[in-house]
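Trainee: Whatever position you read off the sequence shown (first residue = 1), add 12 for our numbering.
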Amino acid sequence: MKYVTKKYARRQMRWINNRFLKSGDKQAVSVYRLDCTDLADWQRLTDQAVDLAKVVLGRKPRTESTLKPMEITEQKNVALPVYGDYYCNDCSRLFSNDIQYNIHLTSKKHARVMKKRKRKLQDITLNCDSDDEDKSKTHKSNS
């Protein structure tokens with residue numbers, strides 16, 4: 013679950029960068045970055061966010077401690093990954109990157125599918141062998 017959350021956050025950041033911070037366009041919305049990774053600083057971050065909201069709404073003048081908007085970047089559009097770069101033939105599933113694919117290969121679901129496939133193959137080969145033996149027995153008894 014953590015991997016999916018991180019992937020969503022990265023995709024969201026790429027979308028924000030492409031939508032609001034790319035060069036050549038007018039900056040329609042000011043974007044501010046608050047680093048919320050450390051929960052111990054939560055009170056400080058909420059104070060910064062409230063101060064910033066008051067400045068944006070015009071209820072408080074901008075000071076040196078007020079966060080500055082993010083700069084418009086000169087980078088080209090970042091391409092979003094195409095879904096379906098990796099495919100598991102055994103499970104008939106598509107994966108968007110090698111990390112997901114490798115996680116899938118070590119998963120219980122993939123192991124169950126492989127075990128079931130192996131068992132089915134063994135049953136088929138055993139049935140073929142027993143059919144051959146039955147044919148040879150009937151052939152010998154007819155002779």
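Backbone N, C-alpha and C define an ideal beta-carbon position, used for all residues, glycine too.
Could you tell me which residues DSSP puts in a beta bridge with Y99?
Mentor: Partner(s): L106.
Trainee: Under 8 Å Cβ to Cβ from V125, same chain only, skipping five residues before and after it: list those, please.
Mentor: D102 and C103
Trainee: Could you have a look at R131 and say whether DSSP puts it in helix, strand or coil?
Mentor: helix
Trainee: Alpha carbon to alpha carbon, how far is T58 from R71? Give it in angstroms, no decimals.
Mentor: 17 Å
Trainee: Might you give, ordered along the chain, the residues of its own chain that have their beta carbon closer than 6 Å to the beta carbon of A123, omitting 5 neighbours on each side?
Mentor: none
Trainee: Compute the Euclidean distance between the alpha carbons of N114 and L106, then round it to the nearest angstrom.
Mentor: 12 Å
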